[in-house]
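For the sequence shown, my numbering gives the first residue as 3, with consecutive numbering after it.
Ideal Cβ placement from N, Cα and C applies to all residues, glycine included.
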Amino acid sequence: MDNKKRLVNTLHEYYRLYEKADLRDNDYRFHMEQSISELIGVLDYFGDRKFENFIELGGSYGGSFWVYSTLLCKPGSKLIVTDRNSRVKGLQLVVNALNEKGFKAKWYCQPNLEIKKVMNFQVELLHIDAFHTYEAVKEDFKTFAPLVNKGGFILFHDAATQPGVTQLMREIPVTNIIEAKVGFHCGIGILKR
Ligand SMILES: C[S@@+](CC[C@H](N)C(=O)[O-])C[C@H]1O[C@@H](n2cnc3c(N)ncnc32)[C@H](O)[C@@H]1O
Numbered sequence: 003m004d005n006k007k008r009l010v011n012t013l014h015e016y017y018r019l020y021e022k023a024d025l026r027d028n029d030y031r032f033h034m035e036q037s038i039s040e041l042i043g044v045l046d047y048f049g050d051r052k053f054e055n056f057i058e059l060g061g062s063y064g065g066s067f068w069v070y071s072t073l074l075c076k077p078g079s080k081l082i083v084t085d086r087n088s089r090v091k092g093l094q095l096v097v098n099a100l101n102e103k104g105f106k107a108k109w110y111c112q113p114n115l116e117i118k119k120v121m122n123f124q125v126e127l128l129h130i131d132a133f134h135t136y137e138a139v140k141e142d143f144k145t146f147a148p149l150v151n152k153g154g155f156i157l158f159h160d161a162a163t164q165p166g167v168t169q170l171m172r173e174i175p176v177t178n179i180i181e182a183k184v185g186f187h188c189g190i191g192i193l194k195r
């Protein structure tokens, strides 16, 4: 199946989580802030590779966490998502649905920097998509990049549109950058460690 079909199928499944939500509560929402064509670019880039450990910083309503977990990881993979905003309630339904599929997923509803204290393992994939100022992205990068093992990957969302993200990516030694940007709608930076 091509990546466009895989993406559309998994998004159907993601939006069907509305069936499990209490729709009288407006905090139950499902939404993904990624460009579809850029996501297909990322999936094409990784091919058949499946990651065993994945952390996403800034899960929001769980859209990108769902897509990267279901398409780039496999049942049994350890998945962590952070979002300090407890009002993004749909994220818990995303985590529950991933656990029902056999993933080991957990949401930390705390600021990223507090979560680092409980991370005692290495990851293969890190997606940085929390607060986008230069200072915030740099702090997230400095704190979490050391958890990514050699040969692992770091994805930056909004690498084309958010000056803080663009600036930080420019500062990373060029030898570590295997692909600067996928697309220019939002831009997804891919770094290999
Ligand atoms: C741009 S949205 C993430 C979008 C999501 N990745 C997607 O594509 O569907 C950023 C989220 O990061 C969260 N956030 C920002 N700074 C944070 C921090 N320091 N710790 C934890 N979460 C944070 C916000 O609450 C917000 O929901």
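query, result
"Bounding residues of the beta strand (DSSP E) (the contiguous stretch that carries K108)", "106-110"
"For E35, the residue or residues it bridges with in DSSP", "DSSP output for E35 lists no bridge partner at all."
"Rounded separation between I117 and S88 - CA only", "15 Å"
"Spatial distance of E40 from D27 (CA atoms)", "32 Å"
"Nearest-angstrom beta carbon gap, A99 and L25 [assumed within contact, 8 Å]", "Wrong, their Cβ atoms sit about 17 Å apart, outside the cutoff."
"Which of helix, strand or coil DSSP assigns to F2", "What the structure shows of the chain is the stretch from 3 to 195, and residue 2 is not part of that stretch, so it cannot be assessed."
"Beta-bridge partners of T84, as assigned by DSSP", "L59, Y110"
"Backbone secondary structure at P77 - three-state DSSP", "strand"
"Supposed close pair S62, D29 - CB separation, criterion 8 Å", "Contact flag wrong, Cβ pair sits at about 12 Å."
"Own chain residues within Cβ distance below 6 Å of N5, not counting five before or after", "I42, L45, D46"
"Residue burial classification, L115 (beta-carbon count within 10 angstroms, cutoff 16)", "exposed"
"Beta-bridge partners of F67, as assigned by DSSP", "Per DSSP, none; premise fails for F67."
"Proximity test, R86 beta-carbon vs ligand 1 heavy atom, cut-off 6 Å", "yes"
"CB contact flag (V83, E102, <7 Å)", "no"
"Rounded straight-line distance, which links the Cα of L149 to that of R172", "21 Å"
"Rounded straight-line distance, which links the Cα of I174 to that of F206", "Outside the shown range of the chain (3 to 195) lies residue 206, about which nothing can therefore be said."
"DSSP bridge partner residues for V125 (one or two, in chain order)", "V150"
"Three-state class that DSSP yields for I190 in the structure shown", "strand"
"Close Cβ partners of G154 (< 6 Å) along its chain, the five nearest in sequence each way excluded", "E126, R195"
"Best match in G92, D131, G49 for proximity to Q164 [C-alpha to C-alpha]", "D131"
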